[in-house]
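Note sheet for the following structure.
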Amino acid sequence: MANVINLTAGTKKTVTVPVGETIVVELEDISTTGYRWHIEGVEPSVVTLQKEDINPGAAPGASGIKRFEFLAAGAGQATLRFDLRRPWEAEQPPIKQSTVELTVK
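Residue numbers (our numbering): 38 to 142.
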């Protein structure tokens with residue numbers, strides 16, 4: 038069973054899950070503007086990124102949902118930081134950030 042976390046830009050959530058649990062983080066996607074969500078802070082001994090995908094909006098140019106799927110790999114703590122930025126502006130700070138404070142037991 039997956040633990041689904043819906044994040045809005047600028048939010049922070051704290052989650053505790055057991056080892057072996059699947060964690061799905063969903064964020065509103067506005068990639069038609071060039072901005073994309075990027076993940077930082079994955080601690081592979083605690084959590085591993087399994088896949089990421091985008092569910093597009095219903096109409097052309099509409100916002101969709103960016104999904105990151107993780108596996109709780111081992112006991113510990115990790116801070117997953119999601120940065121919204123344009124890939125070609127890597128030197129610029131993200132326009133928005135969201136975080137998940139994850140504890141795996």
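Backbone N, C-alpha and C fix where the C-beta goes; we use that ideal spot for every residue, glycine too.
Checklist entry - Mapping DSSP to helix, strand and coil, what is residue 135? => result strand
Item to check | Among 121, 136 and 135, the one whose alpha carbon lies nearest that of residue 129 | outcome: 121
Item to check | For residue 101: DSSP bridge partner residues | outcome: 66
Checklist entry - Using the beta-carbon count (16 or more within 10 Å), is residue 125 buried or exposed? => result exposed
Checklist entry - Can you name, in chain order, every residue of its own chain whose Cβ lies under 8 Å from the Cβ of residue 44, other than the five neighbours on each side? => result 50, 62, 63, 64, 119, 135 and 137
Next on the checklist: Just to confirm, is the Cβ distance from residue 83 to residue 57 under 7 Å?
Outcome noted: no
Checklist entry - Can you give the Cα-Cα distance for residue 127 and residue 80, rounded to whole angstroms? => result 22 Å
Checklist entry - From what residue to what residue does the beta strand (DSSP E) around residue 74 run? => result 73-77
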